[in-house]
Amino acid sequence: MVLTDIKAGGKAKITNTEHVNVLVRRRLLDLGIMEGTEVSIKRILPFGGPFAVEAGGQWVGIRRSEAKLIQVSHP
1 MVLTDIKAGG KAKITNTEHV NVLVRRRLLD LGIMEGTEVS IKRILPFGGP FAVEAGGQWV
61 GIRRSEAKLI QVSHP
């Protein structure tokens with residue numbers, strides 16, 4: 001299952017980010033989003049827009065193309 005499979009308001013635990021671009025993965029790590037982190041999907045913007053994700057009390061926008069590469073599981 002990938003991050004884009006989760007509906008708005010849903011929660012997931014990140015299990016794998018190795019397919020994400022190295023620069024994006026580094027930025028996510030800097031923001032505290034890594035394997036094992038529980039995230040909540042706050043908003044999914046229309047027309048192929050980004051996902052608004054909350055992790056550790058902060059909201060982060062993730063491009064849909066990058067979200068498709070982040071593997072997750074139910075918390």
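For the sequence shown, full-length UniProt numbering begins at 1 and goes up steadily by one.
Idealized CB from N, CA, C, for every residue including glycine.
Treat the numbers as computed from the prediction; the structure is a model and nothing was measured.
Original post:
Can you list, in chain order, the stretches of the beta strand (DSSP E) that have 3 or more residues and sit fully within the UniProt domain "Ferrous iron transporter FeoA-like" (1-74)?
Top reply: 11-16, 38-44, 51-55, 58-62 and 71-73
Original post:
To the nearest angstrom, how far is it from the Cα of Leu3 to the Cα of Ser40?
Top reply: 10 Å
Subject >> Closest Cα partner of Gly10 within the set Ser65, Ala55 and Arg25 >> reply: Ala55
Subject >> Rounded Cβ spacing between Glu35 and Ile62 (contact assumed at less than 8 Å) >> reply: About 15 Å; that fails the 8 Å criterion.
**OP:** Could you check how far apart the C-beta atoms of Ser65 and Ala12 are, in whole angstroms? I think they sit under 8 Å.
**Re:** The Cβ separation is near 18 Å, so there is no contact.
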